[in-house]
Amino acid sequence: MSTHHIQLTVNGQVRAADVPARLLLVHLIRDNFDLTGTHIGCDTTSCGACTVLLNGKPVKACTVLAVQADGADVLTVEGLEQGGQLHPVQEGFTAKHGLQCGFCTPGMMLTAVALLRANPDPTEDEIRWGISGNLCRCTGYMNIVKAIQYAAEKLQVQEAQPA
Amino acid sequence: MIPPAFDYAAPTSLPEALALLGQNPDAKVLAGGHSLIPAMKFRMATPALLVDINRIDGLAYLREDGGWLKIGAMTREADLDGSDLVRARYPLLADTARMIADPLVRNLATIGGNLAHADPANDHPATMLAYRAQIMALGPGGERVIPIGEFFTGPFTTALQPTEILTEIRIPARQPGDGGCYLKLERKVGDYATAAVAVQVNVDAAGVCTAAGVALTNLGLTPIQCGAAEAALKGRPLDDGAIKTAARLAGEAAEPIGDYRGSEDYKRSLVRTLTTRALRTALERAKA
Ligand SMILES: Cc1cc2nc3c(=O)[nH]c(=O)nc-3n(C[C@H](O)[C@H](O)[C@H](O)COP(=O)(O)OP(=O)(O)OC[C@H]3O[C@@H](n4cnc5c(N)ncnc54)[C@H](O)[C@@H]3O)c2cc1C
Ligand code: FES
Ligand code: FES
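Sequence lines, in order, name chains G and L. Here the working numbering is used: position 53 in the first sequence is 90, and no number is missing along the way. Here the working numbering is used: position 101 in the second sequence is 133, and no number is missing along the way.
Structure below.
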């Protein structure tokens with residue numbers, strides 16, 4: 038099996054690794070880089086617990102090879118907080134009780150971050166459609182939707198304020 | 033689950049990719065990876081070499097040119113879904129892309145992979161049959177055109193040679209009076225179709241149907257083109273009577289098997305209902 042030297046940016050930091058071709062991106066992140074906020078749920082591309090942003094787009098890291106991420110920009114849940122400040126999406130999940138067991142939460146938040154970047158003022162339907170690839174077994178989604186609405190408002194206020 | 037060991041190469045040009053496929057009989061193309069990697073995890077596919085074509089520039093595009101809508105094989109479902117051109121002029125394609133998998137999968141899954149994989153449950157095959165699309169394949173001997181009607185040769189098998197790469201899909205460019213619609217019943221987001229129907233019609237100023245494509249997803253071992261239903265529509269006014277006849281004939285063309293998604297009778301009845309509704313929507317769109 039071929040081994041490949043790869044270099045990628047993870048949460049703003051350049052990282053390198055020698056990876057066998059069959060190593061999955063989710064294992065690179067969890068095992069090689071020790072970023073265990075990215076979860077493995079189904080391992081069969083169904084649940085979205087393993088969601089990370091790959092070049093800004095939410096994807097299921099259990100179904101991407103690590104070697105495919107060579108040169109890419111990856112954002113995991115650990116990269117959301119900036120300088121001790123929670124990301125507005127993280128704040129929303131806290132304020133609106135957007136989680137119970139928390140297993141789906143990192144993936145759910147990253148999908149929400151990408152959704153709000155593409156569509157800063159989504160309707161409830163657009164939010165539900167946007168998170169439809171991320172499964173939550175606990176919450177029934179009501180409070181996840183509210184958490185994302187909270188973040189949308191907060192981000193819009195931040196946007197409107199002069200820096 | 034970790035796939036069995038394999039070699040990996042990421043060529044940056046088509047000639048390089050073709051050479052790798054030519055030299056390695058057990059090689060497979062890696063596109064979005066969202067059918068292939070799961071199949072490898074389950075040991076249903078065990079290629080010795082993956083030829084990743086994601087680093088080849090110029091394989092993802094959508095453009096109208098020379099009477100065709102030309103779609104690069106590496107165009108992602110999310111880009112089809114997000115395209116204003118597709119939404120405005122190719123509603124059958126827009127409906128299809130929007131119903132495939134879920135938003136995360138759509139960020140990586142490609143239209144070329146969807147057709148090359150030829151899973152009878154894949155949604156693009158029926159849509160392309162209804163459109164009368166063409167497949168462009170590039171191999172060691174150059175480029176060739178495969179009419180869609182000759183492309184699907186069996187479950188998970190196509191007319192593509194192992195040494196060929198699907199490079200482009202061509203859909204006849206929208207004409208005045210064209211209208212289409214894809215309707216799919218799925219149990220939940222991300223599920224394959226319990227039943228789905230693709231229709232594409234052309235209606236002239238007098239309301240007469242001048243061309244019709246009707247095809248079915250996940251209702252047999254391959255996507256099914258409903259020739260009898262198409263014949264019943266063509267040359268007649270697209271009224272309730274014609275729609276009812278076509279829906280009955282589409283139901284008869286289906287070859288469903290009863291499974292956890294529903295019984296044979298249920299699926300056949302779904303085909304009739306979905307065909308009726310899809311034709312009505314296609315007609316509205318043709319007139320708009
Ligand atoms: C959870 C989930 C739900 C899904 N739901 C749906 C659904 O509802 N409807 C649906 O239609 N699909 C669905 N899919 C399948 C998805 O659309 C796949 O991505 C698609 O079938 C294959 O496209 P790909 O780009 O991922 O191809 P890959 O997985 O990379 O490749 C698939 C096969 O095609 C070959 N291949 C790919 N591209 C080329 C090319 N250019 N030339 C030659 N050979 C090529 C590969 O060698 C391989 O054999 C789902 C997938 C998942 C994981
Ligand atoms: S662990 Fe990747 S989708 Fe479930
Ligand atoms: S909070 Fe438990 S799965 Fe979502």
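Just so you know, even glycine gets a beta-carbon here, dropped at the ideal spot from N, CA and C.
Worksheet entry | For A158/L, three-class secondary structure by DSSP | Within the second sequence, residue 158/L is the residue found at index 126, counting from 1. It is helical.
Below 8 Å, can you find three or more Cβ-Cβ pairs linking the region 140-157 of chain G to the region 176-190 of chain G? As far as the Cβ criterion goes, the region 140-157 of chain G touches the region 176-190 of chain G, which means the pair count is three or higher.
query: In terms of alpha-carbon separation, which member of P43/L, A59/L and D84/L lies closest to P194/L?
result: Position 162 of the second sequence, counting from 1, holds the residue named residue 194/L. Taking only the C-alpha atoms, the option nearest P194/L is A59/L.
In the DSSP output, what is D291/L paired with across the bridge? Position 259 of the second sequence, counted from the start, is the residue given in the question as residue 291/L. BP columns for D291/L point to G294/L.
Do the region 162-174 of chain L and the region 75-90 of chain L make contact, defined as three or more Cβ pairs closer than 8 Å?
With contact defined as three or more Cβ pairs closer than 8 Å, the region 162-174 of chain L and the region 75-90 of chain L are not in contact.
**OP:** State yes or no: is the C-beta of G222/L nearer than 8 Å to some heavy atom of ligand 4?
**Re:** Ligand 4 is not part of the structure shown, which contains ligand 1, ligand 2 and ligand 3 as its ligands.
Output yes if chain L places a C-beta closer than 9 Å to the C-beta of N171/G; else output no.
-> Translated into positions along the first sequence, residue 171/G becomes position 134. So, interface residue.
To the nearest angstrom, how far is the alpha carbon of R108/L from that of A225/L?
Here residue 108/L refers to the residue found at position 76 when the second sequence is read from its first residue. Here residue 225/L refers to the residue found at position 193 when the second sequence is read from its first residue. Whole-angstrom Cα-Cα distance: 20 Å.
### Task
Run the proximity test for G139/G: is its beta-carbon closer than 8 Å to any non-hydrogen atom belonging to ligand 3?
The residue you call residue 139/G lines up with position 102 of the first sequence. Yes, Cβ of G139/G sits closer than 8 Å to a heavy atom of ligand 3.
Would you identify the three-state DSSP class for Q193/L, choosing helix, strand or coil? Start at 1 with the first residue of the second sequence, and residue 193/L comes out as number 161. Coil.
| request: Scan the region 41-65 of chain G for residues whose Cβ lies nearer than 9 Å to a Cβ of chain L and list them as they occur along the chain. | output: The residues in question are H41, P57, A58, R59, L60, L61 and H64.
| task | Spell out whether any CB of chain L is found under 9 Å from the CB atom of D80/G. | result | Residue numbering aside, residue 80/G sits at position 43 when the first sequence is read from its first letter. So yes, D80/G belongs to the interface.
> So which residues of chain L does M221/G contact, with C-beta pairs closer than 7 Å?
Replying inline: Chain G is shown from 38 up to 200; residue 221/G falls before or after that span and cannot be answered.
Who pairs with T176/G in a beta bridge, going by DSSP? In the first sequence, the residue the question calls residue 176/G occupies position 139. In DSSP, T176/G forms no bridge with anything.
List, in order along the chain, the chain G residues whose C-beta lies closer than 9 Å to that of I34/L?
Here residue 34/L corresponds to residue number 2 of the second sequence, with the count starting at 1. R59, L60, L61 and H64, listed in chain order.
Contact list for the region 110-139 of chain L against chain G, Cβ threshold 7 Å: If the cut-off is 7 Å between Cβ atoms, the region 110-139 of chain L has D134, P135, L136, V137 and N139 near chain G.
(request) Note the first and the last residue of the continuous beta strand (DSSP E) segment covering F184/L. (result) The count along the second sequence starts at 1 and reaches residue 184/L at position 152. Element bounds for F184/L: F184 to G186.
By the three-class DSSP mapping on this structure, what secondary structure does L61/G have?
One-based indexing of the first sequence puts residue 61/G at position 24. Residue state, collapsed to three classes: strand.
Beta-bridge pairing of E200/L - partner residues as DSSP gives them
Position 168 of the second sequence holds residue 200/L. When beta bridges are read from the DSSP output, E200/L appears opposite G104/L and M168/L.
**Request:** Hey, could you find the ends of the alpha helix (DSSP H) G273/L is sitting in?
**Result:** Reading the second sequence from its first residue, position 241 is the one you call residue 273/L. Annotation for G273/L: the continuous alpha helix (DSSP H) segment containing it runs D272 to A285.
Review point. Within the 9 Å Cβ cut-off, does G222/L reach chain G?
Key: Here the question's residue 222/L lines up with position 190 in the second sequence. Any Cβ of chain G closer than 9 Å to the Cβ of G222/L would place that residue at the interface, and such an atom is present.
Report task. Determine the chain G residues that contact H66/L at a beta-carbon separation under 7 Å, and present them in chain order. Result -> Numbered from its first residue, the second sequence carries residue 66/L at position 34. Here the neighbours are T82 and T100.
> Would you say the region 277-288 of chain L touches the region 255-262 of chain L, given that touching needs at least three Cβ pairs under 8 Å?
Replying inline: Taking a cut-off of 8 Å for Cβ pairs, the region 277-288 of chain L and the region 255-262 of chain L touch, as three or more such pairs fall below it.
Problem - Enclosing beta strand (DSSP E) for G167/G [first to last residue] - result: Residue mapping note: residue 167/G aligns to position 130 of the first sequence, counting from 1. First-last for G167/G: E161 to G167, but that is the alpha helix (DSSP H), not the beta strand (DSSP E).
Practice item. Could you pull out every residue in the same chain whose Cβ sits closer than 7 Å to the Cβ of F70/G, ignoring the five residues on either side in sequence? Key: Translated into the one-based positions of the first sequence, residue 70/G becomes position 33. So the list reads V47 and R52, once near-sequence residues are dropped.
- Excluding sequence positions up to five away, which residues of its chain have a Cβ less than 8 Å from the Cβ of A320/L? Counted from its first residue, the second sequence places residue 320/L at position 288. Listed in chain order, the non-local C-beta contacts of A320/L below 8 Å within the same chain comprise G211, local neighbours out to five positions each way being set aside.
Quiz item: What first and last residue would you give for the beta strand (DSSP E) that runs through Q232/L?
Solution: Stepping through the second sequence from its first residue, residue 232/L is reached at position 200. According to the DSSP assignment, Q232/L belongs to the beta strand (DSSP E) that extends over A227 to V235.
Check whether the Cβ of R165/G sits closer than 8 Å to any heavy atom of ligand 3, and report yes or no.
Residue mapping note: residue 165/G aligns to position 128 of the first sequence, counting from 1. Exclusion of R165/G from the 8 Å shell around ligand 3 follows from its C-beta lying no nearer than that to any non-hydrogen atom of the ligand.
What three-state label does DSSP hand C138/G in the structure shown? As a position in the first sequence, residue 138/G is number 101, starting the count at 1. For C138/G, the three-state secondary structure derived from DSSP is coil.
Expected contact under 8 Å - CB spacing of I180/L and R164/L to nearest Å:
In the second sequence, counting from the first residue as 1, residue 180/L sits at position 148. In the second sequence, counting from the first residue as 1, residue 164/L sits at position 132. Taking C-beta atoms under 8 Å as the contact rule, I180/L and R164/L qualify, at a distance of about 7 Å.
Notebook entry, point to check: At a cut-off of 8 Å, is N56/L close to ligand 1 when judged by its beta-carbon and the heavy atoms of the ligand?
Noted result: Here the question's residue 56/L lines up with position 24 in the second sequence. No, the Cβ of N56/L stays beyond 8 Å of every heavy atom of ligand 1.
Looking at the structure shown, is V303/L part of a helix, part of a strand, or coil, going by DSSP? Working through the second sequence from its first residue, we reach residue 303/L at position 271. Helix.
Review point. Buried or exposed: I289/L, going by 16 or more other Cβ atoms within 10 Å of its Cβ?
Key: On the second sequence, residue 289/L is found 257 positions in, with the first residue counted as 1. It counts as exposed.
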